[in-house]
Amino acid sequence: DAMVIQNPRYQVTQFGKPVTLSCSQTLNHNVMYWYQQKSSQAPKLLFHYYDKDFNNEADTPDNFQSRRPNTSFCFLDIRSPGLGDAAMYLCATARNGVRETQYFGPGTRLLVL
Amino acid sequence: AQKVTQAQTEISVVEKEDVTLDCVYETRDTTYYLFWYKQPPSGELVFLIRRNSFDEQNEISGRYSWNFQKSTSSFNFTITASQVVDSAVYFCALSQPDNDMRFGAGTRLTVKP
């Protein structure tokens, strides 16, 4: 089945220690999104790639970076995680743009010690 | 301005009851897209429905139905004969051609046996 895969499902890191979350998709969608979702809140868009074009949200901290080496994979790098970065990180894909439905992966829950 | 309001933070019902989740949106565009997603305790956001602004037809899918009314800027979601497996957080979302998807705050539905 075509799907969005996120690894790992749970990630524990230490304060200030860089961490990378990964997302892959078999849908061959052009757009990949990264959202941050804190407890009892709505998902908050961090950035997205339309093909190779990177689009950063204005209020996304510089601490968060992303890479998309090919159509199938997208990575979220947190350079120096703080306690406030503990959250669920959701990856989503869409065929083309905002007109299209976004399909989400299962998420990676990040714990910062 | 683009905004989605889900006024009901939490709803609790007993199994087999019908329940309606409210969604009110604000937009200045005539073209826009509305979505409902379900987020069970596992964390994955599951797509339920997408509607564009030019299609006001109501939709029924099994026990789920959606009532889209442009006159009141509402896109309400009804679950008929609720089941325990319907327990989840439900998000309504809005996207426009030049803006990324915006989620409402979500409604936590608890269905008790």
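Read top to bottom, the protein sequences are chains A and B.
The first sequence begins at 1 in this note's numbering and counts up one residue at a time.
The second sequence begins at 1001 in this note's numbering and counts up one residue at a time.
Beta carbons are placed, not taken as given, at the ideal position from N, Cα and C, and that holds for glycine.
All values derive from a computational prediction rather than experimental measurement.
In the DSSP assignment, what residue or residues form a beta bridge with residue 1012/B?
For residue 1012/B, which the question treats as bridged, DSSP gives the partners 1110/B.
Quick one: Cα of residue 1023/B to Cα of residue 90/A, how far?
For residue 1023/B and residue 90/A, the distance between alpha carbons rounds to 23 angstroms.
For residue 1006/B versus residue 1090/B, is the C-beta distance shorter than 9 angstroms?
Against a cut-off of 9 angstroms, the Cβ pair of residue 1090/B and residue 1006/B comes out as a contact.
Is the beta carbon of residue 1097/B sitting closer than 9 angstroms to the one on residue 31/A?
Taking 9 angstroms as the Cβ cut-off, residue 1097/B and residue 31/A do not qualify as a contacting pair.
Only counting runs of 4 or more residues, tell me where the alpha helix (DSSP H) segments fall wholly within the stretch 50-79 of chain A, in order along the chain.
Complete alpha helix (DSSP H) runs here, min 4: none at all.
DSSP puts residue 32/A in a beta bridge; with which residues?
DSSP, once it has assigned bridges, lists 49/A, 93/A as partnering residue 32/A.
Just by C-beta distance, which residues in the stretch 1089-1102 of chain B are closer than 7 angstroms to chain A?
Of all residues in the stretch 1089-1102 of chain B, 1091, 1095, 1096, 1097, 1099, 1100, 1101 have a Cβ within less than 7 angstroms of some Cβ in chain A.
Quick one, which of 8/A, 53/A, 103/A has its alpha-carbon nearest residue 110/A's?
The candidate whose alpha carbon is nearest that of residue 110/A is 8/A.
Determine, for residue 92/A, whether the minimum Cβ-Cβ distance to residues of chain B falls below 9 angstroms.
It does: the Cβ of residue 92/A has a partner Cβ on chain B nearer than 9 angstroms.
In chain A, what lies closer than 8 angstroms to residue 1050/B by C-beta?
Correct list: 101.
Cutting at 8 angstroms between CB atoms, please list the residues of its own chain near residue 37/A, excluding the five before and the five after it.
Cβ within range, chain order: 43, 44, 87, 88, 89, 90, 107.
Who does residue 1077/B pair with in a DSSP beta bridge?
Answer is 1021/B, 1066/B, bridged to residue 1077/B.
Between the beta-carbon of residue 74/A and the beta-carbon of residue 40/A, is there less than 9 angstroms?
No, the pair does not count as a contact, with Cβ atoms beyond the cut-off.
Can you tell me the Cα-Cα spacing of residue 1049/B and residue 113/A, whole angstroms?
Their backbone Cα atoms lie some 38 angstroms apart in a straight line.
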